[in-house]
Amino acid sequence: MARRVSPLRIALTTVVAWTVGFVIFFPILWTVLTSFKTELEAFSSPPKFLFFKWTLENYRLVQERSDYLAHAWNSVALSFGSVLLAMLIAVPAAWSMAFAPTERTRGTLLWMLSTKMMPSVGVLVPIYLIYRDLGLLDSRVGLIALLCLANLPIVVWMLFTYFKEIPKGILEASRMDGIGTGREIVFVLAPMALPGIASTLLLNVVLAWNEAFWTLNLTTSKAAPLTAFIASYSSPEGLFWAKLSAASTLAIAPILVLGWLTQRQLVRGLTFGAVK
Amino acid sequence: MATQHTRVLGRILVAPSVILLFAWMIVPLAMTIYFSTLRYNLLNPGLERFVGAENYSYFLTDPAFIGSLLNTLVLVGSVLAITVVLGVLIALLLDQMFVGRSIVRLMVIAPFFVMPTVSALVWKNLLMHPVSGVFAWIATSLGFRAIDWFAQVPMLSIIFIVAWQWLPFATLVLLTAMQSLDNEEKEAADMDGTRPLSFFFHIVLPHLARAITVVVLIQTIFLLTVFAEIFVTTGGGPGTQTTNLAFLIYAQALLQYDVGGASAGGIVAVVLANIVAFFLVRLVGKNLET
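Below, the structure is given as structure tokens:
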């Protein structure tokens, strides 16, 4: 923006924008603050903002009482496992659709998108019964497969839009220079495709990490990720706010960082290229 | 440019994705349709029998269904209205020049990355608690009576939580669209002395129409099946005041073990989502060059 804007206006906008940002961010900030309080102070009214006795006790308790680490490991396994699996399936497909499109490509892509539109609740019953009969309830393998399929359309779409942007001329040029297929992949294709692959990976890990329909309905304890771990706090037992906050902070912190890193890809990944 | 050879190769490369997605879509859906024609309760295994459309007529005339459908529509409609209106305003704000833009941007999009169970429980306890919640403290400090959110206005509480989660998405999409509005157009309007309001209504808003449509369609698809937020806060209650379609089907299937009825409900949900999906896919398709 090259227009000149008066300093007063910038100052005013700054105040308004920071206020709005603060209000929207407040629930997260408040959760983090509360996680460092004692249970009594967490519940105190009027609320204490910064002047309380900071403690790490809740983090220790959360780990001790409900084994945070086991659930966190499940979240990591489910989100990365499902997305890596989806990548294996999607990269070849997206690659061939981007580089050698046929008259069917458009239809295939739109059809894939439409499978993402099916509400999970519509197929809850059969999936639950199939999983029960196959012994896949509360198993990591079962959920990895399920989340992989649920995110596959988005993975294919995102990869496709990235691969579309790789200039085709450069491939032909390197072929003319006579480098072999192996070296073509390592030195020419990989460097151009990797940023897109990385963004797709990250955004989909965020989506899988936060998925809370299948993980709540198909797990009980062994394979339960953090979404289910937090849900176990919905039936309160005594004072539990500080512990809930500590557990919540632990559940969202890693993914918030990943999310912030992928924010530029968010629009592209979730609007299927309809908004640029 | 595709030769016979690359065409065959292309088909082989695309096949795994297509086959898997096809199976993922068609097998459970076919089973849901099949179950929906049975009287089938998990508590009485072996007594399944074909009942035709009975589950549908039962489900569709069940007052709980009408109620849940209304709740679903209220939830989707309110969240859409809140997120689109606030989203446009916040996007306009973030499009201005000010100090610390990237930090404010991070704060605004953060709620999108918070898992639904966390946001629901944090809102319910830390913010909306009638005695010790932050909202209660604000209300009493200003001399109002504190609201017991989940007892007095349970649906509104859920709407606020879900709107908070989706506001970043709407804002980000609208901001992206707004930034593609030509600077030249802005400058021209500036020089002509166009008033900010008329500039907004005659140039910015029409430019955003497409992005708003995308936001509405995509959010609708996700909002039709809001589940975790209800599951961990109200459990559909009090009574059935916050039971939406997704929660009703869940309760029918996994709490009452009525496979037939839940399946009929599932098909209703699929049909509803498909109406929205039809428009979304057409809109995306228009933009797609392959």
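Chains as they are written, first to last, in my numbering: chain A, 1 to 276; chain B, 1001 to 1290.
Ideal Cβ placement from N, Cα and C applies to all residues, glycine included.
Listed as beta-bridge partners of R1039/B by DSSP are R1049/B.
Scanning the segment 1053-1122 of chain B from its first residue to its last, the whole alpha helix (DSSP H) runs of 4-plus residues come out as 1054-1061, 1063-1094, 1101-1109, 1116-1122. In the three-state reduction of the DSSP assignment, D133/A falls in the helix class, which pools H, G and I. Exclusion of the five residues before and after L1272/B leaves L1224 as the residues of its chain whose Cβ lies within less than 7 Å of its Cβ. Assignment of beta-bridge partners to D1258/B by DSSP yields N1041/B.
Assigned with DSSP and collapsed to three states, Q1179/B falls in helix.
By the neighbour-count definition (other C-beta atoms within 10 Å, threshold 16), T115/A is a buried residue. Spanning the alpha carbons of W260/A and A1110/B requires a straight line of approximately 7 Å. Neighbours of G21/A in chain B, taken as residues at a C-beta separation under 7 Å, are given in chain order as V1104, M1107, V1108.
Around Y1250/B, the beta-carbon contacts reaching into chain A at under 8 Å are V121, L124, N217. With respect to chain B, the C-beta atom of W73/A has no partner C-beta closer than 8 Å. Where E172/A is concerned, the enclosing alpha helix (DSSP H) starts and stops at 169-176. Taking a Cβ-Cβ threshold of 7 Å, the residues of chain A close to T1006/B are A100, in chain order. In the displayed model, D138/A falls within coil according to three-state DSSP, outside both helix and strand. Listed along the chain, the chain A residues whose CB falls inside 9 Å of the CB of I1159/B amount to none; the nearest CB is some 15 Å away. Around W95/A, the same chain offers F163 as residues with beta carbons nearer than 7 Å, after the five sequence neighbours per side are excluded. Where I1218/B is concerned, the enclosing alpha helix (DSSP H) starts and stops at 1205-1223. The alpha carbon of I1275/B has as its nearest neighbour, out of L1013/B, V1204/B, T1220/B, the alpha carbon of T1220/B. Under a criterion of Cβ atoms nearer than 9 Å, the residues of chain B adjacent to M112/A are, in order, S1017, V1018, L1021.
By the Cβ-count criterion, Q1179/B is exposed, with fewer than 16 other Cβ atoms from all chains shown falling within 10 Å of its own Cβ.
Closest by C-alpha distance to V1259/B, out of A1211/B, Y1056/B, K1286/B, is Y1056/B. By a beta-carbon distance limit of 8 Å, L152/A contacts L1020/B. Their separation comes to about 7 Å.
With 16 or more other Cβ atoms from the protein chains shown falling within 10 Å of its own Cβ, H71/A counts as buried.
Nearest neighbour of L171/A by Cα position, chosen from L218/A, G196/A, V188/A, turns out to be V188/A. CA-CA distance, V1214/B to L1167/B, rounds to 14 Å. The beta carbon of P1196/B sits no closer than 8 Å to any beta carbon of chain A. Distances from the alpha-carbon of K222/A to those of G269/A, A198/A, L136/A put L136/A closest.
Around the C-beta of I127/A, 16 or more other C-beta atoms lie within 10 Å, and the residue is accordingly described as buried.
By the Cβ neighbour-count rule, G1052/B is exposed, with fewer than 16 other Cβ atoms within 10 Å of its own.
Excluding five sequence positions before and after A231/A, the CB atoms of its chain that fall closer than 7 Å to its own CB belong to L216, given in chain order.
Near chain A, meaning a CB-to-CB distance below 7 Å, no residue of the segment 1049-1061 of chain B qualifies. Of A1030/B, W1123/B, A1023/B, I1103/B, the smallest CA-CA separation from W18/A is found for I1103/B.
In this structure W54/A is exposed. Its beta-carbon is surrounded by fewer than 16 other beta-carbon atoms within 10 angstroms.
Under a criterion of Cβ atoms nearer than 7 Å, no residue of chain A is adjacent to P1154/B; the nearest Cβ is some 15 Å distant. Secondary structure of D1192/B (DSSP, three-state): coil.
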